[in-house]
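Let me begin by presenting the structure, written as structure tokens, before commenting on it.
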């Protein structure tokens, strides 16, 4: 991934704007202060409850390695059972493919391990890099056939991911990020970010790739707020 000095400056400005915009939007939607972090089982849909309802007793990790809700006192950890943050997985994938551009990062299970699945578009095509969520090791690096390479490259020419985006988002809305994906809605590009909070909410944020601002927000079952 290559950042020009102009892009880097614009990206830094966009990140600052994203943090402010996210905080204003979340507060304006009636959530008040952001929730603390939480874990969630990959592929599962967490239960939801009103913000004023007392949380359930904190579960403990299971023998199967399933991620479970365990908020921390500091509110800084991302997901219980994971030592590797999504931005670290992104960096690892980019080190393996310096010419790659990130299209998607998703928490997943691969051959019994909890992994970050990082999808990149390289000069040779589409790649899937599986980064162990505990050790940070690359467990697999596979070519992925795609008929949409031209479209993906055009999208990524207009929107570039940077690992610092994740840190800024979590400053505005603490939680466990489970997915980041570049989406195209009739020519309108945005980064869709899914976050699980300590109150078992699944929050989806749409981030404008140019301004870094939150342009849309969803709660739970895609209830737009």
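Numbering (mature numbering (1 follows the signal peptide of the UniProt record, and there is no 0)), first residue to last: -32 to -1, 1 to 193. Note that CB positions come from ideal geometry on N, CA and C, so glycine has one too. Source: prediction; values computed, not measured.
In this structure, the beta-carbon distance from residue 88 to residue 70 falls below 8 angstroms.
Residue pairing by DSSP places residue 129 in no beta bridge whatsoever. Following the DSSP letters along the chain, one finds residue 59 inside the alpha helix (DSSP H) bounded by residues 54 to 64. Within the same chain, Cβ atoms closer than 7 angstroms to the Cβ of residue 135 are found at 55, the five residues on either side in sequence being excluded. For the 8 angstroms CB-CB criterion, residue 90 and residue 130 do not form a contact. Taking the C-beta atoms as reference points, residue 94 is found nearer than 8 angstroms to residue 117.
Proximity of the segment 97 to 107 to the segment 76 to 86 meets the contact definition, three or more beta-carbon pairs being nearer than 8 angstroms. Between residue 58 and residue 73 the beta-carbon gap is near 6 angstroms, inside 8 angstroms, which marks them as a contact.
Going by beta carbons, residue 175 and residue 143 fall outside the 8 angstroms limit. Between residue 124 and residue 161, the C-beta spacing is not below 8 angstroms.
In the displayed model, residue 138 falls within a helix according to three-state DSSP. Around the CB of residue 103, fewer than 16 other CB atoms lie within 10 Å, so the residue is classed as exposed. For the pair residue 171 and residue 185, the CB atoms are nearer than the 8 angstroms cut-off. About 5 angstroms separates the beta carbons of residue 157 and residue 127, which is inside the 8 angstroms limit, making them a contact pair. Each residue's CA atom was taken as its position, placing residue 177 and residue 154 some 15 angstroms apart. Rounded to the nearest whole angstrom, the C-alpha separation of residue 179 and residue 159 is 12 angstroms. In the DSSP assignment, residue 103 falls outside any beta strand (DSSP E) and carries neither an H nor an E.
Excluding its 5 nearest sequence neighbours in each direction, residue 110 has C-beta neighbours in its own chain below 6 angstroms: 96, listed in chain order. With a threshold of 16 other beta carbon atoms within 10 Å, residue 121 falls short and is exposed.
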